[in-house]
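Each residue of the sequence shown is one higher than the one before, starting from 1 at the first, in our numbering.
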Amino acid sequence: MSLSFYDCTKITDKGPISLSKGLKTLKNLQSLSLNFAHCDYITDEGLNSISESVAGFSFLELLNLNFYSSYDITDEGLKTLSESLKNFSSLKYLHLNFDFIGNITDQGLNDLNESLKRLNSLLSIQLHFTSCEVTDKGLDNISKSLIENFSLLQSLHLSFAYCDHLTDESLKILGGSLKRLSSLLDIHLSFYQCDKVTEKAIDVLHQDLKESSSLKAINIISSHKYI
1 MSLSFYDCTK
11 ITDKGPISLS
21 KGLKTLKNLQ
31 SLSLNFAHCD
41 YITDEGLNSI
51 SESVAGFSFL
61 ELLNLNFYSS
71 YDITDEGLKT
81 LSESLKNFSS
91 LKYLHLNFDF
101 IGNITDQGLN
111 DLNESLKRLN
121 SLLSIQLHFT
131 SCEVTDKGLD
141 NISKSLIENF
151 SLLQSLHLSF
161 AYCDHLTDES
171 LKILGGSLKR
181 LSSLLDIHLS
191 FYQCDKVTEK
201 AIDVLHQDLK
211 ESSSLKAINI
221 ISSHKYI
């Protein structure tokens, strides 16, 4: 199932809440894609209703949720979603977009990471947290869990553009983890306008990735260069 409400600027929490009532009846759903990008009035209440409605989807293989610029979503909403994710033992493709939501911090990312650790069947992960309040601590936890839990992972997209608190240290840990993922085929990373990330760190990260024998495509975006 794929539904897009892109740029429906008058949608409030009532929309997702109403939708969630129908979703609860689709227990055998294998694919779900919901696009609420630029629905700026959706808050934790709307996200929570979606998260709770899909919690019992034990057959779900693909989940794609886009809440780009839903400014009032917070760590609490991400926590509720993370709790639901723990039940998706069959999940192979997870794509989440929370770009430009300044209320999301390391705490929300850490809650998500704890749930991701249980999803060791994942083939593709896309996490977009552009302009969120994420620091090295949040990214470090994601980096460490990648090597510990995702031996089947083939595709990874991470966007932390405009995350001003990230530094070279977190990229060093990320590179060390990624080069050890023997199944990874393609990777896309964005650290555009991360002011504390230097060109040297991007070069070191690129070299780490080139050491991987499995990677076929490497894309890194930063303020200094596009690789």
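A virtual CB, placed ideally from N, CA and C, is assigned to each residue, including glycine.
Residues of its chain near residue i, where Cβ-Cβ distance is below 8 Å and the 5 sequence neighbours each way are ignored
i	result
Leu152	Asn120, Ser121, Leu122, Leu123 and Ser183
Ile104	Ile73, Thr74, Asp75, Leu78, Phe98, Phe129, Cys132, Glu133 and Val134
Ser71	Reading off the sequence shown, one finds Tyr at residue 71, where the question assumed Ser. Around Tyr71: Asp40, Phe100, Ile101, Gly102 and Asn103.
Asp13	Tyr41, Ile42, Thr43, Glu45, Gly46 and Ser49
Phe196	It should be pointed out that residue 196 corresponds to Lys in this sequence rather than to Phe. Answer for Lys196: Asp164, His165, Leu166, Thr167 and Asp168, listed in chain order.
Thr198	Asp168 and His224
Neighbourhood of residue i by C-beta distance below 6 Å, restricted to the same chain and skipping five residues each side
i	result
Lys33	For the record, residue 33 in the displayed sequence is Ser; it is not Lys. Closer than 6 Å at Cβ, skipping near neighbours: Ser2 and Asn64.
Leu47	Ile73 and Gly77
Thr135	Asp106 and His165
Leu96	Leu65 and Leu127
Ile173	Asp140 and Ser143
Ala249	This structure does not reach residue 249, given that the chain is present from 1 up to 227, and the question cannot be answered.
Pro16	Gly46, Ser49 and Ile50
Lys117	Ser145 and Asn149
Tyr293	Past the boundaries of the shown model lies residue 293; the chain is included only from 1 to 227, so the question cannot be answered.
Identified DSSP bridge partners for residue i
i	result
Gln106	Sequence inspection shows Asp at residue 106; the Gln mentioned does not correspond to that position. None; Asp106 has no bridge partner.
His224	Answer by DSSP bridge pairing: none, since His224 is not bridged.
Glu133	Thr105
Ser2	Ser33
His128	Asn97 and Ser159
Ile218	Ile187
Cutoff 7 Å; reference residue i; Cβ partners in own chain excluding five residues on either side
i	result
Asn113	Asn141, Ile142 and Ser145
Asn110	Gly138 and Asn141
His38	Tyr6, Asp7, Thr9, Tyr68 and Ser69
Lys24	Ser53
heavy atom of the ligand SAM below 8 Å from residue i C-beta
i	result
Leu65	The ligand SAM is not part of this structure, which contains no ligands at all.
C-alpha distance - residue i paired with residue j, whole-angstrom precision
i	j	result
Lys225	Leu215	20 Å
Tyr93	His206	25 Å
Leu171	Ser222	12 Å
Ser155	Leu60	18 Å
Leu26	Asn35	18 Å
Phe57	Gly175	34 Å
Ala217	Lys210	10 Å
Leu29	Phe160	31 Å
Phe88	Ser177	24 Å
Leu85	Ile125	13 Å
Val54	Ser82	11 Å
Ser115	Leu158	17 Å
Thr80	Glu52	8 Å
Ser90	Leu185	21 Å
Tyr192	Gly22	39 Å
Phe150	Arg180	11 Å
Ile11	Cys194	32 Å
Asp203	Ile227	9 Å
Ser212	Ser4	37 Å
CB-CB length for residue i against residue j, believed under 8 Å
i	j	result
Leu189	Ile220	5 Å
Leu62	Ser20	So it is not a contact: roughly 18 Å between Cβ atoms.
>> I'd like the ranges of any beta strand (DSSP E) spanning at least 3 consecutive residues and lying wholly in the stretch 158-201.
In response: 186-191
>> Give the list of continuous alpha helix (DSSP H) stretches no shorter than 4 residues that lie fully inside the stretch 14-75.
In response: Secondary structure remark: continuous alpha helix (DSSP H) runs of at least 4 residues inside the stretch 14-75, in chain order: 14-23 and 44-53.
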